[in-house]
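A.B. asks: Submitted below is the structure of interest, expressed as structure tokens.
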Amino acid sequence: MTRSARNRHTVKTEEPTIVSCTARILDAANPADNAVLEQLHADPAIEFIDHCEQQLDELRKLRPSPDPELVAESCRWAYYPWRRAVVAVLGPRAFRAVRLDRNRNLITTEEQARLATLRIGVAGLSVGHIIAHTLAAQGVCGELRLADFDRLELSNLNRVPATVLDLSLNKAQVAARRIAELDPYLMVRVQDAGLTVDTIDEFLDGLDVVVEECDSLEMKVRLREGARARGIPVLMATSDRGLLDVERFDSQPHRPILHGLLGDLDAAGLAGMSSREMVPYLLRFLDAEQLSAPILASAVELDRTLSTWPQVCGDVIVGAAAVVEAVRRIGLRQELRSGRTCVDVGWALDQLDEPPMVIDAPAPSVESSDRVLPGVPGIIASAAIRAPSASNAQPWHVEADPDAITITLAPEHTSTLDIGLRGSAVALGAALFNARVAAAVHKVLGPVTLQERSAGVPLQATLRLARGEDAELAALYEPMMERETNRQVGTRRPLDAQTTELLYTIAAREGVRLDLIAGRDEIDSLAAIFAASDRVRYLTPRLHAEMVAELRWPNDPHADTGIDVYSLELDRGDLALVNILKRPDVMAHLARWNAGSALGADTRMRVSTSSAMGVISVSGSSLSDFARGGSAAEALWIAAQREGLAVQPVSPVFLYARDVDELAEVSAPFAEELDELRNRFRQLARTPGDSSVALVLRFAFGGATSVRSRRSVERVRLR
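At position 710 of the sequence shown (counting the first as 1) the number is 725 in this note's numbering, and the numbers step up by one without a gap.
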């Protein structure tokens, strides 16, 4: 915190010197530079070190791949006189790209470019050495100014990362050389006569941030007075309890120096004080109540058993980390108030606790726990609610009485992707098909009516229970009750001709169009489209929130709706990854970076291993038309599963959108991208322009499901 009284008040009379401490950069393509290189080569005491090819290999391996112009940038030579060495390095742009690549995405490329414009002054190069080096290493500045009159002593090496080879050298010079060896392109200027009344203006002019680590309380005040006059924020870290001090003179040009803790005392008033006279002001400035007991006890021993304040390297490093983060926030115009905080490692270690145990719950039984309601109407209603629906939302209310089964679309169970309730209408149609199958078994298959926009209800289907038979439908009862969503990875085995013909026949019988996409290239193209759509779903906050809300984990109280996580058929690693993907803050970062291509990887993989993709479309666009498509989809699903296929619906974000305006309602930032994906999909699926896609089914040869979705009987009312 302070040195001895001798050092604190010594007035340096040497002429201040501001010198460049960057390495000399030489370009062999420049005749003048090449002549210097030839002279250096001729000196046997000069060592040439050339690892440029390895650096180029690193450059080529960057992701995304660097521009050809960057790869073509010529290497340079950095001459370090104090090392008597010349080192080959990448050109300035390529060097920066490779050296700072591991900062991404903690610091984005755009943020890094903004931070590279900062000019930062560091006064006091004991504690300031690590701070300056960390600023340079993290690439959060474009110029450093280092000021210190003192020379490195052996006792400094407990916290200054220098070596015995640096002893007796100026501390600012030592720091500058180390930074030059880290980044030869970074401008570092050294004021090796320290700061005086005569040189402080030259040091401050043009700076964006000042880091003050001086020993002298007088100089602390003078620096802040000059910084306040120029609107420059001042940061300071102490090595006791990780205290960080922030004074935002840039946004608060009239705030008092040192938070007003010294009252009306200014630099002139401090100039003639002895070290003992300064102690009360120093303790007031540092807030003695917040200091650790060892440091306060050490204050008693100053000039007795201690020559100066004690400091340890670990605490200095913690302070440097806090200062660099504060600089990053200032440079990026992120929130950073004036004030103080402690980054107290000791306190944090006192809070150690065991992490919460994560116990892997067993997957639920494959056997369904759904109840079958009593009586023929109850049995038919139970069959109806076994129908599939997007996210297993079950968007219906079912009324069962001796004369009829009524299935009413329930808008309260809709979602953002259910544009115009079209997906809900598809689910209602599937439920109606199941009800007809169950009614056929009991020979009470009567006529069906569909009503739209009647009595405030968007869509309602009524199946009359009257004497009626259909042996073909009745034969589907057991397969219908066993129908399930199977997301297992496929084997890419093609569909045989018999199965293909069967599916086309069923589609024609149900009055819909079926387009089977079975070519490998076409399937892969479709996989890419659906993967891109999934990325949008993750990166759109409302869609992401709804997707996460659909998931059901072990012991979830609402397990009779939504999607059981075990039905996703993920391995343990991918299942653990879901806990990351469900965090909205993670998705927000990916969206901000325009990243996240991996978010659709699972969908891409499952679609690409399909045997075929079935696109079911209907003529017309009314809710009744979509319900008709839903009935056909259920019929196709049941038939495909009977043939040994794993069947899974795939619902891209754009599935039920008719135009870009509807897509903008779903995800405004990605509306144009979704519209392009939608057009590519319809072209690939060969869907006629006047048709509406009801559902896309994935057909694959895969393993058995781990768990079946459950259904809620609470949405059934028996009369």
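Cβ atoms here follow ideal geometry from the backbone N, Cα and C, with glycine treated the same way.
Owing to the predicted nature of the structure, the values given are computational and were not obtained by experimental measurement.
(1) For the stretch 300-313 and the stretch 115-128, state whether three or more C-beta atom pairs, one from each stretch, are separated by less than 8 Å.
(2) What separation, rounded to the nearest whole angstrom, lies between the Cα atoms of Arg695 and Pro569?
(3) What would DSSP say about Phe110, mapped onto helix, strand or coil?
(4) Thinking just about the alpha-carbon of each residue, which of His144, Gly659, Asp302 is nearest to the one in Met508?
(5) Evaluate the contact criterion for the stretch 569-583 versus the stretch 453-473: three or more CB pairs, one atom per stretch, below 8 Å.
(6) Return the CA-CA distance between Leu364 and Thr506, expressed in angstroms with no decimal places.
(7) In chain order, what are the residue ranges of uninterrupted beta strand (DSSP E) at least 3 long that sit wholly in the stretch 653-711?
(8) Pick out whichever of Thr500, Ala454, Asn501 has its Cα sitting closest to the Cα of Ala486.
(9) Please list, in chain order, all residues of the same chain as Asp13 whose beta carbon is under 7 Å from its beta carbon, the five residues on each side excluded.
(10) Between which two residues does the beta strand (DSSP E) harbouring Glu467 extend?
(11) So what does Cys357 bridge to, in DSSP terms?
(12) I need the DSSP call for Met338, collapsed to helix, strand or coil.
(13) Counting C-beta neighbours from all protein chains within 10 Å, is the total for Gln366 16 or more, i.e. buried, or is it exposed?
(14) Tell me where the alpha helix (DSSP H) around Met496 begins and ends.
(15) Buried or exposed for Thr520, going by 16 or more other Cβ atoms inside 10 Å?
(16) Under 8 Å by Cβ, that's how I've got Pro215 and Ala151 pegged, so tell me the actual separation to the nearest angstrom.
(17) What are the uninterrupted segments assigned as alpha helix (DSSP H) that are 4 or more residues long and contained completely in the stretch 399-438, given in chain order?
(18) At what residues does the alpha helix (DSSP H) containing Leu130 begin and finish?
(19) Nearest chain D C-beta to Ala314 closer than 8 Å, yes or no?
(20) If I follow the unbroken alpha helix (DSSP H) through Ala282, where does it start and stop?
(21) Pull the bridge partners of Val225 from the DSSP assignment, please.
(22) Going by DSSP, what residue range makes up the alpha helix (DSSP H) through Gly143?
(23) Report yes or no: do three or more beta-carbon pairs, one from the stretch 442-457 and one from the stretch 401-411, lie closer than 8 Å?
(24) Tell me whether Glu228 is buried or exposed, calling it buried when 16 or more other Cβ atoms sit within 10 Å of its Cβ.
(25) Am I right that Met496 and Ala398 are in contact with their C-beta atoms under 8 Å? What's the rounded C-beta distance?
(26) With respect to the alpha helix (DSSP H) encompassing Phe545, which residues constitute its N-terminal and C-terminal limits?
(27) Among residues of its own chain, excluding the 5 on either side of Ala606, which ones have a beta-carbon nearer than 7 Å to its beta-carbon?
(28) Quick check: the stretch 431-438 against the stretch 666-677, are at least 3 beta-carbon pairs closer than 8 Å?
(29) Tell me, please, which residues DSSP counts as bridged to Asp579.
(30) Output the distance between the C-alpha atoms of Gln153 and Gly717, rounded to the nearest integer angstrom.
(31) Using only CA atoms, which one of Leu480, Ser469, Val441 lies nearest to Ile420?
(32) Rounded to the nearest angstrom, what separates Val338 and His66 at their Cα positions?
(33) Contact between the stretch 167-187 and the stretch 218-233 is defined here as three or more beta-carbon pairs at a separation below 8 Å; is this criterion met?
(34) Since Gln305 and Leu258 are thought to touch, with beta carbons under 8 Å apart, how far apart are those beta carbons, to the nearest angstrom?
(35) Using DSSP with H/G/I as helix, E/B as strand and the rest coil, what is Arg166?
(36) With the cut-off set at 8 Å, would you say Leu250 and Val261 are in Cβ contact?
C.D. replies: Checking against the coordinates, here is how it stands:
(1) Result no; under three Cβ-Cβ pairs closer than 8 Å.
(2) Taking the sequence shown and counting its residues from 1, one reaches residue 695 at position 680. Taking the sequence shown and counting its residues from 1, one reaches residue 569 at position 554. Spanning the two alpha carbons is a distance of roughly 39 Å.
(3) One-based indexing of the sequence shown puts residue 110 at position 95. In the structure shown, Phe110 sits in a helix (DSSP, three-state: H, G or I).
(4) Mapped onto the sequence shown, residue 508 falls at position 493. Going by the sequence as given, residue 508 is Arg instead of Met. Here the closest residue by C-alpha is Gly659.
(5) no
(6) Taking the first residue of the sequence shown as 1, we reach residue 364 at position 349. Taking the first residue of the sequence shown as 1, we reach residue 506 at position 491. Each residue's alpha carbon lies about 52 Å from the other.
(7) 661-664
(8) Within the sequence shown, the letter at position 471 stands for residue 486. The shortest Cα separation from Ala486 among Thr500, Ala454, Asn501 belongs to Ala454.
(9) This structure does not reach residue 13, given that the chain is present from 16 up to 734, and the question cannot be answered.
(10) Residue mapping note: residue 467 aligns to position 452 of the sequence shown, counting from 1. Per DSSP, Glu467 belongs to the beta strand (DSSP E) from 460-469.
(11) Locating residue 357 in the sequence shown gives position 342, where the first residue counts as 1. Looking at the DSSP assignment, Cys357 forms a beta bridge with Leu258.
(12) Here residue 338 corresponds to residue number 323 of the sequence shown, with the count starting at 1. A small fix is needed here, since residue 338 is Val in this sequence, not Met. Correct three-state label for Val338: helix.
(13) Translated into positions along the sequence shown, residue 366 becomes position 351. By the 10 Å Cβ count, Gln366 comes out exposed.
(14) Along the sequence shown, read from residue 1 onward, the residue named residue 496 stands at position 481. Here the alpha helix (DSSP H) through Met496 covers 492-497.
(15) Along the sequence shown, read from residue 1 onward, the residue named residue 520 stands at position 505. Its Cβ having fewer than 16 others within 10 Å, Thr520 is exposed.
(16) The sequence position of residue 215 within the sequence shown is 200, counting from 1. The sequence position of residue 151 within the sequence shown is 136, counting from 1. Checking the displayed sequence, the identity of residue 215 turns out to be Ile instead of Pro. Not a contact, Cβ separation roughly 23 Å.
(17) none
(18) On the sequence shown, residue 130 is found 115 positions in, with the first residue counted as 1. Leu130: member of the alpha helix (DSSP H) spanning 124-130, first to last residue.
(19) The structure shown contains no chain D; it holds only a single protein chain.
(20) Counting from 1 along the sequence shown, the entry for residue 282 is found at position 267. Per DSSP, Ala282 belongs to the alpha helix (DSSP H) from 282-285.
(21) Against the sequence shown, residue 225 aligns to sequence position 210. DSSP output for Val225 lists Gly136, Val249 as bridge partner(s).
(22) For this step, residue 143 is matched to residue 128 along the sequence shown. Counting along the chain, the alpha helix (DSSP H) containing Gly143 begins and ends at 142-152.
(23) Using a C-beta cut-off of 8 Å, the stretch 442-457 makes contact with the stretch 401-411, since at least three inter-stretch Cβ pairs fall below that distance.
(24) Stepping through the sequence shown from its first residue, residue 228 is reached at position 213. Label assigned to Glu228: buried.
(25) Here residue 496 is taken as the residue at index 481 of the sequence shown, counted from 1. Here residue 398 is taken as the residue at index 383 of the sequence shown, counted from 1. So it is a contact: roughly 7 Å between Cβ atoms.
(26) As a working note, residue 545 is residue 530 in the sequence shown. Residues 535-554.
(27) Here the question's residue 606 lines up with position 591 in the sequence shown. In its chain, beyond the 5 residues on either side, Leu554 have a beta carbon closer than 7 Å to the beta carbon of Ala606.
(28) yes
(29) Taking the first residue of the sequence shown as 1, we reach residue 579 at position 564. Arg567.
(30) Along the sequence shown, one-based indexing puts residue 153 at 138. Along the sequence shown, one-based indexing puts residue 717 at 702. C-alpha separation (whole angstroms): 49 Å.
(31) Along the sequence shown, one-based indexing puts residue 420 at 405. Comparing Cα-Cα distances from Ile420 to each of Leu480, Ser469, Val441, the minimum goes to Leu480.
(32) Taking the sequence shown and counting its residues from 1, one reaches residue 338 at position 323. Taking the sequence shown and counting its residues from 1, one reaches residue 66 at position 51. Roughly 33 Å separates the two Cα atoms.
(33) no
(34) One-based indexing of the sequence shown puts residue 305 at position 290. One-based indexing of the sequence shown puts residue 258 at position 243. At roughly 7 Å, the Cβ-Cβ gap stays under 8 Å, so Gln305 and Leu258 are in contact.
(35) The count along the sequence shown starts at 1 and reaches residue 166 at position 151. If DSSP states are grouped into helix, strand and coil, Arg166 belongs with the strands.
(36) Numbered from 1 along the sequence shown, position 235 holds the residue referred to as residue 250. Numbered from 1 along the sequence shown, position 246 holds the residue referred to as residue 261. Yes, these two residues count as a Cβ contact at 8 Å.
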